[in-house]
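Protein chains: 2
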Amino acid sequence: MAQIIEPRVLKGFRDALPKAESERRRLFNAVEAVFISFGFAPIDTPCLEYAEILFGKGGGETEKQVYRFNDHGGRDVALRFDLTVPFARFMAEHLDELALPFKRYHIAKVWRGENTQRGRYREFYQCDFDSVGSDCPMADFEILSLMLASLRVLGIGGFKIRLSHRGLFNRFLEAQALSSASVEVLRLVDKLAKIGAEEVEKQLSELVGSEKAKKVLDFIHPEVDYLATLDKMTALAGSSAGDTERLRALHALMEESGTSAFFVLDPSITRGLDYYTGLVFETFLDDLPGIGSVCSGGRYDDLASLYTKQKIPGVGASIGMDRLLAALETLSDSGSQSASASVLVLRDPEIESALPFKTAQSLREEGIACEVYTDKKKAGQQFAYAEKKGIGLALMAAAQGSFSLKTIATRESRDFPSLAEAVDAIRAILAKKPL
Amino acid sequence: MAQIIEPRVLKGFRDALPKAESERRRLFNAVEAVFISFGFAPIDTPCLEYAEILFGKGGGETEKQVYRFNDHGGRDVALRFDLTVPFARFMAEHLDELALPFKRYHIAKVWRGENTQRGRYREFYQCDFDSVGSDCPMADFEILSLMLASLRVLGIGGFKIRLSHRGLFNRFLEAQALSSASVEVLRLVDKLAKIGAEEVEKQLSELVGSEKAKKVLDFIHPEVDYLATLDKMTALAGSSAGDTERLRALHALMEESGTSAFFVLDPSITRGLDYYTGLVFETFLDDLPGIGSVCSGGRYDDLASLYTKQKIPGVGASIGMDRLLAALETLSDSGSQSASASVLVLRDPEIESALPFKTAQSLREEGIACEVYTDKKKAGQQFAYAEKKGIGLALMAAAQGSFSLKTIATRESRDFPSLAEAVDAIRAILAKKPL
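As structure tokens, then:
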């Protein structure tokens, strides 16, 4: 006999067992239905691309974390590390085929060989949606509205979308003669939630002096409401400009649509060194602020500059599905299998018969998911199977055309003279049961 | 300005534009709903695994086609080339956590560096479903029933599931003293559809002599019906045994459930050198037999022998989704974008207003997918956008609370004093439109 190979997955990778995968698919399907209802369409791109496409001519910090190798044909290839770069390549390649504004979503896996110590995985999902080809306040607002609708459908409780504008931040840095240190300032401001205002001020002071550090701290501190914050930001930037007007227009749209309670103007939101040039935003759960932003994004003025001379502006967001799933998981019970069926249709272990399949088919036609027990096992073992899988009901067809319905938890049975009556009883029980 | 990188994908890879991806997701969601209604649960496994796990200690023919490389940690890793091997590893690793019979489905991408000349892609989807842990005729029949239900929901017209039994074939080979040449005989029989009976007989004659070649041809030729074929197979194998009885029990279940018209006992079906040991089957479309089998599989007596000493028998099938999609695509019209929305909600290019978003929200609450046009463009350009995306209707909210509904194809408009009346009209139009 050949030697056994130890069954195992790579470090930083994991299997999804039925319970986890069912929950993931439930969330994906829920947001997907919202995307489609907003007229956003799905696309897909290859998991493997030319390394040159993913990294540009240069290289960079991300490159170290990427799965990169030479394929059979000697091509320098890599697994995608996000959905944004492939989307930029996609837009440049297919621009002529698409109607603008082009609104797409993409839910797919990406890979990064990151340090796994902080609970990070090397294979994970991203869920991105963008509207490209338009630079209007209404396009920004549409993405914000779609975020709202998506997060609401996920049933994650209260949340706030904290937003700002990178252009206004940059004008502020210019007005304070801080442009030359902008990269470092952005990096520090981005750490605010992690290291606290005091530490940010200390490090900023070392970088640009205490007076300017105070100015930065003043700028990033939100005032009592959206418009007061906007007024202060504008004053510290020296004057009003397109960025101020954009934030004001967005506020008017929020007010008019009755959604302003979900939004906070928070100038400390910068999205660090990302490629955003306009609106930027992050989303925090009221009950679990510690898990970080669950939906982030912003506006960019040139998505695909690496691949085309044509300017493609757009606005987009990314929902942190794995983060949301982990949050929801901590709140639910454990167990590796969840029932995908509501009813186990039992079989008589003594005979091979199509009766259980016909019974199951009738239940399915009534919209009741059910599973046939196919193995030649005694009733007790069939019940134990239902119990292990979390299936609450078992139905047995008797030869005389009657049906016996058993509640697995109590092992109580009720007999019904017809399937129609058994179906009514099943419906009544399932209607009471919380999902 | 940096040099432009030519936007392109790797040979054998492709983007999915909205129309293709929408169609793919429609098919996936349809079969997924059937799987769930049968109590089959989703799982997922990593795309990247230890090469040792995927190939075993040895290697083999498939290995040449596989994307294999050393990762950052110097591990010998590879992209999965099918969903079966990872599933075997999964079962060995999680056996203690799962209730048997374990019924799972898995729809995911796999990668093979195959020759792309014959329209093959190097990245494609597989859609597998298996029931493992049981070796009963009813478990076989459940997989066949699930295949039937899945293929029917896809709306692909008529089809036949052609099945046989590898154990019975092997007994026939023994009875004819052909066991020593079984690999070559299987290979040749598997080519029957491709090269024809005459060529198979010729090559068989060269291999085992003309008398035995005739016997093989006789064995693989179906008789007038299922039971007549079974009788002949059994006679040529020398006697009845468990395999004959299994095929007989399956026939009884088909008859009893009224599905026998979908099944043909076809002894030429062997699944070549696959790991099957019992039932084997392939599925052909009545209208497009040339595209080959669209759903294949069978029973195996030891899924995970590489990874565990515990025997895990099972039965499973794989739907050729890419093949089905290509078949459906040839029948439908072209175009890169399909409308995911039914209605385009127009905007007044002169004002930024939340009115279109509120109108859209009301439509969505009525179950009508719609998209807001967010860009500051004139009405004509907004109509052109709808036309390019294949959106048939445009709705414009007027300031006075009335609504104008335009049919894009004819540019005809109708005015409605309230949104409720416009919704009724939209519903009536959509109900008439074929999807």
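The listed protein sequences correspond, in order, to chains U and E.
For the first sequence, the numbering used here begins at 1 and goes up steadily by one.
For the second sequence, the numbering used here begins at 1001 and goes up steadily by one.
All residues carry an ideal CB built from backbone N, CA and C; glycine is no exception.
- Partner residues in the beta bridge of Phe-263(U), as assigned by DSSP, are Ile-161(U).
- Neighbourhood of Ile-36(U) in chain E, by CB distance below 9 angstroms: Ser-1022, Ser-1340, Ala-1341 and Ala-1369, in chain order.
- Assigned with DSSP and collapsed to three states, Arg-1414(E) falls in strand.
- Looking only at Ile-408(U), Ser-404(U), Ala-384(U) and Phe-403(U), the smallest Cα-Cα distance to Leu-393(U) is reached by Ile-408(U).
- For Asp-1015(E), the chain U residues whose Cβ falls inside 8 angstroms of its Cβ are Ile-43, Asp-44, Thr-45, Pro-46, Phe-90, Glu-93 and His-94, in order along the chain.
- Taken through DSSP and simplified to helix, strand or coil, Asp-274(U) comes out as coil.
- Against chain E, the beta carbon of Asp-71(U) has neighbours under 8 angstroms at Leu-1010, Tyr-1067 and Gly-1113, listed in chain order.
- Under the Cβ criterion of 8 angstroms, Glu-1366(E) is not counted among the residues facing chain U.
- For Gln-400(U), there is no enclosing beta strand (DSSP E), as DSSP gives it neither H nor E.
- Met-321(U) is the residue among Leu-306(U), His-221(U) and Met-321(U) whose C-alpha sits nearest the C-alpha of Gln-126(U).
- Contact between Gly-1258(E) and Tyr-1121(E) does not hold, since their C-beta atoms are separated by about 39 angstroms, which reaches or exceeds 8 angstroms.
- For a cut-off of 8 angstroms, the C-beta gap from Val-1343(E) to Glu-142(U) is around 15 angstroms, too long to register as a contact.
- Within chain U, not a single residue places a beta-carbon under 9 angstroms from that of Met-1321(E); the smallest gap is close to 13 angstroms.
- Chain E places a beta carbon closer than 8 angstroms to that of Thr-374(U), counting this residue as a contact.
- Phe-263(U) is outside the set of residues whose beta carbon lies under 8 angstroms from a beta carbon in chain E.
- Note that the C-beta distance between Ser-1305(E) and Glu-1282(E) is not below 8 angstroms.
- Contact of Ser-150(U) with chain E is not assigned, every C-beta pair being separated by 8 angstroms or more.
- Within chain E, the residues Tyr-1373, Thr-1374, Asp-1375 and Tyr-1385 have their CB atoms less than 9 angstroms from the CB of Pro-101(U), given in chain order.
- In the three-state scheme derived from DSSP, where H, G and I count as helix and E and B as strand, Thr-234(U) is classed as helix.
- Against chain U, the beta carbon of Ile-1426(E) has no neighbour under 7 angstroms; the closest one sits roughly 14 angstroms away.
- Against Val-1077(E), the close residues of chain U are Leu-10 and Tyr-67, in the order they occur along the chain (beta-carbon pairs closer than 9 angstroms).
- For the stretch 392–414 of chain U, no residue has a beta-carbon sitting nearer than 9 angstroms to a beta-carbon of chain E.
- Taking a beta-carbon distance threshold of 8 angstroms, Gly-1196(E) does not count as an interface residue toward chain U.
- Taking a 10 Å sphere around the C-beta of Asp-424(U), we find fewer than 16 other C-beta atoms and assign the residue as exposed.
- When Ser-1340(E), Tyr-1276(E), Leu-1217(E) and Glu-1421(E) are compared, the shortest CA-CA separation from Lys-1019(E) is found for Ser-1340(E).
- The DSSP-derived three-state label of Gly-297(U) is strand.
- For the C-beta of Tyr-50(U), the chain E residues within less than 9 angstroms are, from N- to C-terminus, Ile-1005, Arg-1008, Val-1009 and Leu-1010.
- Fewer than three pairs of CB atoms, one per stretch, sit closer than 8 angstroms, so the stretch 226–246 of chain U makes no contact with the stretch 189–203 of chain U.
- His-251(U) sits in a helix when the DSSP states are folded into three classes.
- Listed along chain E, the residues sitting closer than 8 angstroms to Cys-136(U) by beta-carbon distance are Glu-1352, Thr-1374, Asp-1375 and Lys-1376.
- At a Cβ-Cβ threshold of 8 angstroms, Asp-44(U) and Ala-1016(E) count as neighbours.
- In the three-state reduction of the DSSP assignment, Tyr-125(U) falls in the strand class.
- For Ala-241(U), not one C-beta of chain E is nearer than 8 angstroms to its own C-beta.
- Within the stretch 1212–1233 of chain E, not one residue has a Cβ closer than 8 angstroms to any Cβ of chain U.
- Taking a Cβ-Cβ cut-off of 7 angstroms, the neighbours of Arg-25(U) in chain E comprise Pro-1042, given in sequence order.
- By the criterion of a C-beta distance shorter than 6 angstroms, Val-153(U) is surrounded in its chain by Ala-30 and Val-34, once the five residues flanking it on both sides are discounted.
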